[in-house]
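Taking the numbering used here, the leading residue of the sequence shown gets 34, the next gets one more, and so forth. Glycine included, every Cβ here is placed at the ideal spot set by N, Cα and C. Given the structure is predicted, the values throughout are model-derived calculations rather than measurements. Reviewing the structure listed below.
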Amino acid sequence: MFMSRVVKEYYDARAEYEWNRLFQDGYHQLEYIVHIHFMEKYLPKKGLILDAGGGPGRYTIELAKKGYQIVLLDLSPKCLEIAQREIRKARVEDKVKKIVEGSVVDLSEFRDEYFDAVLCLGTLSHLIDEEEREKAASELVRVTKKKAPLFVSVISRYGVFRTILQRLPDELTDPAHEETFSEGVHHTHYTHPSEPGGGFTDAYFFLPNDLRELFEKNGVQTLDMATCEGLSSHLQEETNAIYNDAAKWNRWRRIILQTCNDPYMLGLGEHLLYVGKKKST
């Protein structure tokens with residue numbers, strides 16, 4: 034399908050960047066810090082985890098180092114090549130049980146209730162068709178064991194609106210972006226990701242209730258939700274200014290983790306995290 038092709042080409046072209054993205058500065062690192070914080074809170078002490086759409090394997094490697102067994106799945110072969118390289122460098126090959134090139138829309142190679150936990154960090158935001166988002170959510174829940182946790186993060190629609198105001202104000206009146214504001218859908222505007230000025234690939238930007246309802250209607254109990262950048266959302270310069278001051282950074286990081294799941298700020302960040310538990314019946 035065209036959606037899969039353009040997303041695959043986009044991430045193939047940016048595979049090295051994706052490996053480095055979360056650690057390029059303090060601001061981007063907050064997304065990783067918040068994800069790991071909630072994993073440490075809700076993951077079982079051991080087990081087999083699916084990292085669905087895990088790209089070059091940052092979370093796969095981190096969880097493998099903690100002793101979990103991992104299956105990594107992603108659409109981009111270039112990202113998976115980097116994952117294989119970095120898994121070897123980290124010496125966690127024995128913990129990574131399988132690396133699969135595939136889509137979260139079709140997890141048919143895994144049996145029902147196979148995994149002790151499931152991650153899907155960012156991938157659902159590249160399913161612009163509602164039916165595909167429904168299918169992916171159903172598949173992620175199907176392969177999760179009863180009472181096991183799911184961690185799903187997406188791009189926040191209100192966060193995108195704030196990004197446009199901050200960095201791309203001309204898009205406010207560009208007819209090509211009308212569907213972004215009305216439906217949360219962004220269509221790619223390039224024929225190949227290397228095209229100059231091509232911008233972002235196909236994406237669906239979620240509202241908090243969109244995400245919660247998508248999983249609750251598939252038999253998941255909501256445990257937590259958080260905005261991944263927390264109080265730093267859209268304050269890149271200010272956040273990075275304290276990153277190299279250990280005392281200030283550690284204090285600010287604690288504040289982020291104490292407040293990022295405040296329901297009053299869920300939709301304002303660039304990324305939104307959902308944590309749920311598959312119901313037993």
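Inset, instruction - Would you tell me roughly how many angstroms separate the C-alpha atoms of R166 and E249, rounded to the nearest one? - result: In the sequence shown, counting from the first residue as 1, residue 166 sits at position 133. In the sequence shown, counting from the first residue as 1, residue 249 sits at position 216. Computed Cα separation, rounded: 14 Å.
Inset, instruction - Output yes or no for whether 9 Å exceeds the beta carbon distance between S189 and C153. - result: If you number the sequence shown from 1, residue 189 lands on position 156. If you number the sequence shown from 1, residue 153 lands on position 120. Not closer than 9 Å, so no.
Inset, instruction - Out of L108, E119 and Y276, point me to the one whose CA is closest to D58's CA. - result: Translated into the one-based positions of the sequence shown, residue 58 becomes position 25. Closest option to D58, Cα to Cα, is Y276.
Legend entry - Separation of A280 from G252, as counted between CA atoms: Translated into positions along the sequence shown, residue 252 becomes position 219. Translated into positions along the sequence shown, residue 280 becomes position 247. Cα-Cα distance, rounded: 43 Å.
Legend entry - Nearest-angstrom Cα separation, counted from K179 out to T314: Along the sequence shown, one-based indexing puts residue 314 at 281. Along the sequence shown, one-based indexing puts residue 179 at 146. Cα-Cα distance, rounded: 8 Å.
Inset, instruction - Round the Cβ separation of G300 and Y191 to the nearest angstrom and send it over; I've been treating them as touching at under 8 Å. - result: For the purposes of this step, residue 300 is taken as the residue at position 267 of the sequence shown. For the purposes of this step, residue 191 is taken as the residue at position 158 of the sequence shown. Sure, about 4 Å apart at Cβ, within 8 Å.
Inset, instruction - My understanding is that E49 touches I115, with C-beta atoms under 8 Å, so please give their C-beta distance in whole angstroms. - result: Here residue 49 is taken as the residue at index 16 of the sequence shown, counted from 1. Here residue 115 is taken as the residue at index 82 of the sequence shown, counted from 1. Between I115 and E49 the Cβ distance is about 7 Å, and since that is below 8 Å, they are a contact.
Inset, instruction - Starting from the C-beta of W52, find all residues in its chain whose C-beta is less than 6 Å away, skip the five residues before and the five after it, and write them out in chain order. - result: Position 19 of the sequence shown, counted from the first residue, corresponds to residue 52. Excluding positions up to five away in sequence, the list reads P89 and I115.
Inset, instruction - Alpha carbon to alpha carbon, how far is G155 from E216? Give it in angstroms, no decimals. - result: If you number the sequence shown from 1, residue 216 lands on position 183. If you number the sequence shown from 1, residue 155 lands on position 122. One alpha carbon belongs to E216, the other to G155, and they sit about 18 Å apart.
Inset, instruction - With DSSP as the reference, please indicate the residues paired to K281 in a beta bridge. - result: What you label residue 281 is simply residue 248 of the sequence shown in a count that begins at 1. Looking at the DSSP assignment, K281 forms no beta bridge with any residue, so it has no partner.
Legend entry - Whole-angstrom distance between M258 and W285, CA atom to CA atom: Sequence index remark: in the sequence shown, residue 285 carries index 252 (1-based). Sequence index remark: in the sequence shown, residue 258 carries index 225 (1-based). Taking the CA atoms as reference points, W285 sits about 20 Å from M258.
Legend entry - Same chain, Cβ closer than 6 Å to P229, neighbours up to 5 away in sequence not counted: Start at 1 with the first residue of the sequence shown, and residue 229 comes out as number 196. Note that P229 scores a pLDDT of 43, beneath 50, so its modelled location is shaky and nothing firm can be said.
Inset, instruction - Would you kindly report the start and end of the unbroken beta strand (DSSP E) that includes H68? - result: For this step, residue 68 is matched to residue 35 along the sequence shown. H68 -> not in any beta strand (DSSP E); alpha helix (DSSP H) instead, spanning G59 to Y75.
Inset, instruction - Can you check DSSP and say which residues form a bridge with I188? - result: Your numbering for residue 188 matches position 155 in the sequence shown. Paired residue(s): H304.
Legend entry - Spatially closest choice to S266 from L305, D278 and L256, by CA coordinates: Counting from 1 along the sequence shown, the entry for residue 266 is found at position 233. Cα-wise, what sits closest to S266 is L305.
Legend entry - Inter-residue Cα distance where the pair is I82 and V129: On the sequence shown, residue 82 is found 49 positions in, with the first residue counted as 1. On the sequence shown, residue 129 is found 96 positions in, with the first residue counted as 1. Approximately 10 Å between the Cα atoms of the pair.
Inset, instruction - Return the residue from the list P241, K98 and Q199 that minimises the CA-CA distance to I297. - result: Indexing the sequence shown from 1 puts residue 297 at position 264. This sequence places Tyr at residue 297; Ile is not what is there. Checked all of P241, K98 and Q199; the closest Cα to Y297 is P241.
Inset, instruction - Below 6 Å CB to CB, which residues in the same chain sit around D45 once its five sequence neighbours on both sides are set aside? - result: The residue labelled residue 45 in the question sits at position 12 within the sequence shown. In the same chain as D45, and ignoring 5 residues on each side of it, the C-beta atoms closer than 6 Å to its own belong to S109 and K111, in chain order.
Inset, instruction - List the whole-angstrom C-beta distance separating L113 from E134, where the pair is believed to meet the contact cut-off of C-beta under 8 Å. - result: Here residue 113 is taken as the residue at index 80 of the sequence shown, counted from 1. Here residue 134 is taken as the residue at index 101 of the sequence shown, counted from 1. About 6 Å separates the two Cβ atoms, so the contact holds.
Inset, instruction - Report yes or no: do the segment 137-145 and the segment 58-74 share at least 3 C-beta pairs separated by less than 8 Å? - result: no
Inset, instruction - Please confirm whether any heavy atom of the ligand FAD lies closer than 8 Å to the CB of D207. - result: Although the ligand FAD was asked about, the structure shown includes no ligands whatsoever.
Inset, instruction - Go ahead and label G100 buried or exposed: buried means 16 or more other beta carbons lie within 10 angstroms of its beta carbon, across all protein chains shown. - result: Counting from 1 along the sequence shown, the entry for residue 100 is found at position 67. Label assigned to G100: exposed.
Legend entry - Cα-Cα separation, Q269 to L157: As a position in the sequence shown, residue 269 is number 236, starting the count at 1. As a position in the sequence shown, residue 157 is number 124, starting the count at 1. If I take the Cα positions, the gap works out to 25 Å.
Inset, instruction - Under 8 Å by Cβ, that's how I've got V308 and L256 pegged, so tell me the actual separation to the nearest angstrom. - result: Here the question's residue 308 lines up with position 275 in the sequence shown. Here the question's residue 256 lines up with position 223 in the sequence shown. Indeed, because the Cβ distance is near 5 Å, the residues count as touching under 8 Å.
Legend entry - For Q254: DSSP bridge partner residues: Position 221 of the sequence shown, counted from the start, is the residue given in the question as residue 254. Bridge partners of Q254: K310.
Legend entry - H159 (DSSP reduced to helix, strand or coil): In the sequence shown, residue 159 corresponds to position 126, counting from 1. Three-state DSSP puts H159 in a helix.
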